[in-house]
Structure formats: C-alpha cells, structure tokens
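Here's the structure, in structure tokens; my notes come after.
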Amino acid sequence: MKMKYTIAALAVTTLTAQAVITVTKDSADFAQNYDGNEIYDGTSYVNGWAAAGGITAQSTSGSVLTLTDGTNGWVEHNTGDPIVSLGATSGWTLEVTLGMDGTDGIALWQDGSNGANGALIYVGANGIGTNGNGTSTNQDISAVSNIGVHTFRLAYDTSSATINIWRDGVFVTDTAVTTNPGGGPRLIIGDCCSNASTGVLFDTIDIHNISYDITGGFAPVPEPSSAALLGLGGIALILRRRK
Numbered sequence: 001m002k003m004k005y006t007i008a009a010l011a012v013t014t015l016t017a018q019a020v021i022t023v024t025k026d027s028a029d030f031a032q033n034y035d036g037n038e039i040y041d042g043t044s045y046v047n048g049w050a051a052a053g054g055i056t057a058q059s060t061s062g063s064v065l066t067l068t069d070g071t072n073g074w075v076e077h078n079t080g081d082p083i084v085s086l087g088a089t090s091g092w093t094l095e096v097t098l099g100m101d102g103t104d105g106i107a108l109w110q111d112g113s114n115g116a117n118g119a120l121i122y123v124g125a126n127g128i129g130t131n132g133n134g135t136s137t138n139q140d141i142s143a144v145s146n147i148g149v150h151t152f153r154l155a156y157d158t159s160s161a162t163i164n165i166w167r168d169g170v171f172v173t174d175t176a177v178t179t180n181p182g183g184g185p186r187l188i189i190g191d192c193c194s195n196a197s198t199g200v201l202f203d204t205i206d207i208h209n210i211s212y213d214i215t216g217g218f219a220p221v222p223e224p225s226s227a228a229l230l231g232l233g234g235i236a237l238i239l240r241r242r243k
C-alpha cells in the first residue's frame, strides 16, 4: 500500500512539473544544427553562414569557433528557406551555446521578416535583456551572470505570441516581447546594431553551437532532477525489500 502511495505521489509531481513544459525537443534533433567548425571550417565560412560588420578575426579549436570583434561585427545565416520561414505560424526555437568572459555581450537577433514574431535579445556578462542593448543596466529579463560557457534557448510561443527563454535548461521567462528587428530574413549572433556607448560590445566570443528549428516552439528536454532520482531510488529499494 505504501508503495502505491509513493508511486502516486511521484506521478502527481511529474504531471505538475510537465504542465509547465508542453512540448520538448532536444537541440540535437533540430533541423538546423551547427557546431562552431560547421560555421567556419578554419578557412572559410560554410553552410550558408557569413561574417559581417567589424569581425576582425576568426579561428577554430576543435569544434569551437572564436570570433574577434573590432566594432559591430557578427555572424549571420541568411540563405535558404529555413531563415525565411522563421517565425511562421508553427513557431520557432533557437538554441545557442556560448563562451563569454567578464566584459562580453552579444545580441541574438532573429528576423524572419514575417511579422513581429522575431527576437532581439541581449545576452551579456551581467544578465539577459531586451532590445539588444549591451549596457550593464540592461538586465530586465535576468540579472544572473553569464560568464563562462552557457546555453540559451529562445522559443516563440504562437499561442501567447511571446518568447520563452531558458538558460542552461532552467526556465527564465515566458513573457519576452517579440519584435521585427528588420533587415531580414536572417539570423544574427554577435555585436549587432551597436555603438560605442550603448551597444552590444565584445572583444572575443566562443561559439560552441547554434541550432534552430522552425517546426515549433520547444522547451529543452529536462535533466533528471535530484528529487526524481531519489524517488526512483526509493522505489527500487522498496521493490528490493519486497522480494
């Protein structure tokens, strides 16, 4: 009887947690998935990617792409139907894994030129903010430090017409405002639309992976929580004792 109650309690907990995330998808299964060396292969940009603006140098180490910026430089993906279709009625999801130091910040710019359902989100050392503004006070979404290597996911929710954001698989917000940045269709990662005083400025940035999917807005696949693992361990112990 106790085992039944334990299983029921775990089931209720699981259902409650899953109510927040309706549909999940691993970025490895996204239609477009690029490690850094699949953006720049050590000699040239490949797979429809290009550098623009003030990028002064690029290099790869294994699968990681390191960009050096002079001023207002970025990489962009602007060829083919995938970018044209970003922001379509089915929604879109963008996931980027970046390495930043204590002074860096970049813009995640998605413009499908398909209505105001794109994104311009700032990710910097001091937090996450809107409008691509790189000032240290731009932390209106999150004030958590992003120094080091972190994964950011943006997903457009067609039902609420807002953008959901996760950092390292942890939910941040579901109310980020959509926008139509202009100049699309294209996807931009880097020091875009900036100036020396208020822009998104960085010296170097490491791009580990950029992935996107245009078949829907997806939450990341959650890692097994400590509580869930303890619960499963408890069930195993109960079953073992009943033998």
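In terms of full-length UniProt numbering, the sequence shown opens at residue 1 and continues consecutively.
For every residue, glycine included, the Cβ atom is placed at its ideal position computed from N, Cα and C.
A contact between stretches requires three or more CB pairs, one per stretch, nearer than 8 Å, and the stretch 52 to 72 fails this requirement with the stretch 165 to 184.
Here G70 has G54, I55 and T56 as same chain residues with Cβ atoms under 8 Å from its own Cβ, once five neighbours each way along the sequence are excluded. The secondary-structure analysis by DSSP pairs I128 across a beta bridge with V123 and S142.
A straight-line Cα-Cα distance of about 22 Å links A50 and R153. The DSSP-derived three-state label of E76 is strand.
Around the beta carbon of A161, fewer than 16 other beta carbons sit within 10 angstroms, so the residue counts as exposed.
Judged by DSSP in its simplified three-state form, D29 adopts helix.
Annotation for N164: the continuous beta strand (DSSP E) segment containing it runs T162 to R167. Sorting I39, F218 and D41 by C-alpha distance to the C-alpha of S159 places F218 at the top.
For F152, the uninterrupted beta strand (DSSP E) run begins and ends at G148 to D157, by DSSP. For N180, the secondary structure class from DSSP, reduced to helix, strand or coil, is coil.
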